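Only one structure is covered here, and it is reproduced in the block below.
Numbering (our numbering), first residue to last: 30 to 373.
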């Protein structure tokens, strides 16, 4: 018997069998499955990175190649101008616009004038919702003889946050927003702040008076509250709640709200306008404060109150050219007309 014949018999006996056929089929299926696992895993990782990035806000250490660099920062801009208040807002170097602002000038002083700014993150839904809903809620709660608006602002901000949480949970929307709201009525200025948007006043002597305190995770009070709720802070360019969010209070952000690691409770500050007699106030998102100190912003606006936007547009462009990476929104309220019309 030749060697070829012998090999052929072995091949038929051990290879060309039903069992061998099924083994080959199983190996082919297994190969196809394994070759498809890597793309599926890469898709899962990409989805996770996208979700994580919606929580995180770029800081100065971020890779700037992922940002939007328009040659004309005013191309994507929004503005408002009235006799006593002006606002300017730009998308800046961000791929999306998540800031919102709203202004209500009381025509006769029977209701408060309200100025609000909402700096969104992780999407624009929360900022948009608060911008649309909060002002009507405040106005319907204020009576003509009520000058202390602190309790009202606190209640309405918490109420609007509760509404937002219902909406975002139903839609799996992880967006959040700061809230900086100022009311002026009679001789009282009341400022409610949630997050790291900031307000400052230029008083009658030209001094800078803070209207709010930024809510940052590394502040002693905030850090202790976060730890007591079972949370933690981590450093990722800046200190962040759960290593994710750079502000310790916000509207929305429902994944961090379940155990009150993140809260929407506003800080309230009230100012006697007869005592301070302010020349103007500035309300701005942190896109401005990344590039200007309180004193620098007051000095800058003081020289530009005669401009069409009371200096709001100019200071935003200056912050942009200084390298601000964020959406930037600035509201400037002049008090000369307010004193003339509404403050005795």
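Beta carbons are placed, not taken as given, at the ideal position from N, Cα and C, and that holds for glycine. Quantities reported herein were computed from a predicted structural model and do not represent experimental measurements.
Spatially closest choice to residue i from the options, by CA coordinates
i           : options            : result
residue 248 : 232, 224, 233      : 224
residue 256 : 271, 152, 125, 347 : 271
residue 310 : 362, 195, 321      : 362
residue 297 : 346, 314, 242      : 242
residue 320 : 213, 346, 305, 55  : 346
residue 301 : 230, 261, 156      : 230
residue 170 : 181, 161, 187, 189 : 181
residue 190 : 292, 121, 108      : 292
residue 25  : 168, 160, 333      : Since the first residue of the chain shown is 30 and the last is 373, residue 25 is not available in this structure.
residue 111 : 125, 135, 121      : 135
residue 209 : 54, 324, 120, 185  : 185
residue 259 : 352, 289, 54, 232  : 289
residue 246 : 269, 239, 237      : 269
Residue i: first and last residue of the uninterrupted alpha helix (DSSP H) it sits in
i           : result
residue 252 : 249–257
residue 2   : Nothing about residue 2 can be read from this structure; the chain reaches only from 30 to 373.
Contact belief for residue i with residue j at Cβ below 8 Å, rounded distance in angstroms
i           : j           : result
residue 130 : residue 145 : 7 Å
residue 147 : residue 202 : Wrong, their Cβ atoms sit about 15 Å apart, outside the cutoff.
residue 212 : residue 178 : 5 Å
residue 355 : residue 152 : The pair is not a contact, with the Cβ atoms about 15 Å apart (cut-off 8 Å).
residue 359 : residue 341 : 4 Å
Check whether residue i and residue j have beta carbons under 8 Å apart
i           : j           : result
residue 228 : residue 312 : yes
residue 216 : residue 303 : yes
residue 308 : residue 194 : no
residue 277 : residue 251 : yes
residue 143 : residue 109 : no
residue 349 : residue 357 : yes
residue 204 : residue 315 : no
residue 299 : residue 183 : no
Segment limits, beta strand (DSSP E) that includes residue i
i           : result
residue 299 : 296–301
residue 128 : 128–133
residue 184 : Here residue 184 belongs to no beta strand (DSSP E); instead the alpha helix (DSSP H) covers 179–200.
residue 358 : 357–363
residue 237 : 237–239
residue 222 : 217–223
residue 285 : Counting along the chain, residue 285 falls outside any beta strand (DSSP E), and DSSP gives it neither H nor E.
Heavy atom of the ligand MN within 7 Å of residue i beta-carbon
i           : result
residue 335 : The ligand MN is absent from the structure shown, which contains no ligands of any kind.
task: Pair every Cβ in the segment 109–123 with every Cβ in the segment 322–340, then say whether three or more of these pairs are closer than 8 Å.
output: Yes, they touch.
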